[in-house]
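Right, one structure below, let's go through it.
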Amino acid sequence: AICVMHHVPPENWKLFAAELARVTRPGGVVLIFEHNPYNPLTRRAVSNCPFDEDAVLLSKGQVMKHLHDAGLRDVDGRYILNVPSINGPLRRIDEALGFVPFGAQYYVQG
Numbered sequence: 028a029i030c031v032m033h034h035v036p037p038e039n040w041k042l043f044a045a046e047l048a049r050v051t052r053p054g055g056v057v058l059i060f061e062h063n064p065y066n067p068l069t070r071r072a073v074s075n076c077p078f079d080e081d082a083v084l085l086s087k088g089q090v091m092k093h094l095h096d097a098g099l100r101d102v103d104g105r106y107i108l109n110v111p112s113i114n115g116p117l118r119r120i121d122e123a124l125g126f127v128p129f130g131a132q133y134y135v136q137g
């Protein structure tokens, strides 16, 4: 799910994660990309986007907890888009900074 969960009402996040887990075949992977609420540029972009009027940004930790609680295993995630471009040598920098909660987005898999 790419930038979907922040449009789901917070009271339904648990149900959303449970449904993702339910429809994923055994051995399959759920992959969620979301906006990082800790990045000030991301928050500004979301707050100025009419499409995101209903958005409630959630942290990587929240998504990880919901996937874990839904029964998914090996739940993990990284921050991405720490640098403007991920081509060439900058890609290695972006990968190295994946643990720092500053990237514009993050992904969680389980």
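One gets my numbering by counting positions in the sequence shown from 1 and adding 27 to each. Every residue gets a Cβ at the ideal spot worked out from N, C-alpha and C, and that includes glycine.
* **DSSP state of Val50 mapped onto helix, strand, coil** => The answer is helix: DSSP assigns Val50 an H, G or I state.
* Asked: According to the Cβ coordinates, are Tyr134 and Gly98 closer than 8 Å?
  -> Contact flag unset, no.
* Asked: Quick one: any contact between the segment 66 to 78 and the segment 110 to 122, if contact means 3 or more CB pairs under 8 Å?
  -> No: fewer than three Cβ pairs fall under 8 Å.
* **Host beta strand (DSSP E) of His62 (start-end)** => DSSP places His62 in the uninterrupted beta strand (DSSP E) bounded by 58 to 62.
* Asked: Can you name, in chain order, every residue of its own chain whose Cβ lies under 6 Å from the Cβ of Leu84, other than the five neighbours on each side?
  -> Around Leu84: His33, His62, Pro64.
* Sequence-distant residues of its chain with Cβ nearer than 6 Å to Leu47 (five each side left out) -> These residues qualify, in order along the chain: Val57.
* **Lys87, buried or exposed, once every other Cβ within 10 Å from all chains shown has been counted against 16** => In the assembly as shown, Lys87 is a buried residue. Its beta-carbon has 16 or more other beta-carbons within 10 Å.
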